[in-house]
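Written out below as structure tokens is the structure these notes cover.
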Amino acid sequence: MSPRRWLQRYTMPSVAALTVAIGLVGAMHSKAARPLLAMLGVPCPVDNTTAEQVSALRASGLAHLRTDQLAPARPVPGGFVLDRTTAEEAARWAYENDIACDDVKHGYRYLRCRGVDANKLGLAGPPVSELWLSFGPSGHLVGIDVYRRGMSAGDTTAAWDGARYALRNALGMPTSTMGNPSPEVLSGSPLQTARLQYRFSDYVAIVTASNLPYAGLAVREQYLSSGS
Numbered sequence: 132m133s134p135r136r137w138l139q140r141y142t143m144p145s146v147a148a149l150t151v152a153i154g155l156v157g158a159m160h161s162k163a164a165r166p167l168l169a170m171l172g173v174p175c176p177v178d179n180t181t182a183e184q185v186s187a188l189r190a191s192g193l194a195h196l197r198t199d200q201l202a203p204a205r206p207v208p209g210g211f212v213l214d215r216t217t218a219e220e221a222a223r224w225a226y227e228n229d230i231a232c233d234d235v236k237h238g239y240r241y242l243r244c245r246g247v248d249a250n251k252l253g254l255a256g257p258p259v260s261e262l263w264l265s266f267g268p269s270g271h272l273v274g275i276d277v278y279r280r281g282m283s284a285g286d287t288t289a290a291w292d293g294a295r296y297a298l299r300n301a302l303g304m305p306t307s308t309m310g311n312p313s314p315e316v317l318s319g320s321p322l323q324t325a326r327l328q329y330r331f332s333d334y335v336a337i338v339t340a341s342n343l344p345y346a347g348l349a350v351r352e353q354y355l356s357s358g359s
């Protein structure tokens with residue numbers, strides 16, 4: 132699929148969610164994302180991206196997701212606290228839990244960890260393929276991205292249901308849902324997607340299950356500080 136057709140495939144809410152995701156993690160490197168980055172004024176390669184550009188990118192995505200209501204809680208995996216946990220505290224957590232992480236700088240500072248035992252994050256399901264912790268200009272945590280790919284049907288269900296139940300227990304019913312997360316439905320054709328969102332003025336959580344041509348069955352959990 133060409134980048135132009137890839138962009139046209141998504142509605143504005145999906146583009147907004149993707150914009151936030153790109154602002155958080157290594158998806159900024161993907162070829163498919165480059166046209167969107169160019170539209171938003173972000174250079175490629177993203178190694179030269181400034182904190183101001185990433186902040187603008189996040190703001191563009193969050194503007195389509197933020198609502199007027201404060202979140203009654205802001206649940207995130209691992210015991211971290213949005214807008215409070217520092218990069219140094221997160222690095223110490225990784226060291227104490229014997230988790231290998233890379234310190235990455237793409238405008239913002241990120242901690243990228245691979246092959247993380249889900250139990251160490253308090254999550255259900257299989258190991259986490261990639262964990263990204265994102266730290267804003269103040270050095271405090273502004274987002275967590277949990278990505279698992281290449282999963283079996285059972286692991287896909289466990290990852291989806293674990294995230295869904297945890298969010299429902301803390302926040303009630305989601306703001307919006309889309310698609311069918313059943314592995315059988317997702318496996319029916321490439322790019323099948325299901326998503327649920329919790330949207331507040333100071334917090335956004337997005338859980339997406341998909342069937343990706345390059346990664347198979349995948350579940351991504353995003354937990355974002357969306358305060359202005």
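Heads up: the sequence shown begins at 132 in my numbering, then just goes up one per residue. Don't be surprised by glycine CBs; every beta carbon is placed ideally from N, CA and C.
Count the other C-beta atoms from every protein chain shown that fall within 10 angstroms of the C-beta of R299, then say buried if there are 16 or more, exposed otherwise. exposed
**Message:** Beta-carbon within less than 7 Å of Y239's beta-carbon, same chain only, minus the 5 sequence neighbours each way: which residues are those?
**Reply:** So the qualifying residues of the chain are A182, V185, S265, F266, G267.
- First and last residue of the uninterrupted alpha helix (DSSP H) at V247: It is not in any alpha helix (DSSP H) - V247 instead sits in the beta strand (DSSP E) that spans 239-247.
| request: Report the option in G347, V335, W263, G293 whose CA atom is closest to the CA atom of P321. | output: Out of G347, V335, W263, G293, G347 has the C-alpha closest to the C-alpha of P321.
**Request:** Could you tell me the distance, in whole angstroms, from the CA atom of M170 to the CA atom of R197?
**Result:** Caution is warranted here: a pLDDT of 47 is assigned to M170, below 50, making its placement in the model unreliable, and the coordinate value is therefore given only provisionally. So the two alpha carbons sit approximately 21 Å from each other.
(request) Please say whether Y329 and G302 have beta carbons closer to each other than 8 Å? (result) The question names Gly, yet the displayed sequence has Leu at residue 302. Cβ atoms of L302 and Y329: closer than 8 Å.
_Taking 8 Å as the threshold (C-beta atoms), are A221 and L252 in contact?_
no
Exercise. Check the C-beta distance from Y278 over to E261 and give it rounded, since I have them as a contact under 8 Å.
Key: 5 Å
(Q) Taking only three categories from DSSP, how would you classify G347? (A) strand
Exercise. Return the residue from the list A290, Q353, A336 that minimises the CA-CA distance to A202.
Key: Scanning A290, Q353, A336 for the CA closest to the CA of A202 turns up A336.
Note to self: Between M282 and P257, how many whole angstroms is the CB-CB distance? I'm expecting something under 8 Å.
What the structure shows: 6 Å
**OP:** In angstroms with no decimal places, state the Cα-to-Cα distance between G246 and E352.
**Re:** Cα to Cα, the separation comes out at about 15 Å.
Kindly indicate the opening and closing residues of the alpha helix (DSSP H) around K212. Per the sequence shown, residue 212 should be read as Val rather than Lys. Unbroken run through V212: none, as it is neither H nor E.
Item to check | Rounded C-alpha distance that separates R189 from G358 | outcome: In this structure, the straight-line span from the alpha carbon of R189 to that of G358 is close to 11 Å.
Margin query: Taking 8 Å as the threshold (C-beta atoms), are A289 and A255 in contact?
Written below: yes
Worksheet item: CB-CB under 6 Å to L294, same chain, minus the five flanking residues each way: which ones, in chain order?
Response: The residue asked about is misnamed: residue 294 is Ala in this sequence, not Leu. Spatial neighbours of A294 in its own chain (CB-CB distance under 6 Å, excluding positions within 5 residues in sequence) are listed in chain order as V338, E352.
Distance, Cα to Cα, P344 vs E315? 15 Å
(request) Output yes or no for whether 8 Å exceeds the beta carbon distance between W263 and R280. (result) no
Any idea what DSSP makes of T339, helix, strand or coil? strand
- Could I get the ranges of all uninterrupted beta strand (DSSP E) runs contained in the segment 254-304, with 3 residues as the minimum, in chain order? 259-266, 272-279
| query | Does DSSP put L167 in a helix, a strand or coil? | reply | Because the pLDDT of L167 is 48, which lies under 50, any placement of that residue in the model is unreliable, and the number read from its coordinates should be weighed accordingly. In the structure shown, L167 sits in a helix (DSSP, three-state: H, G or I).
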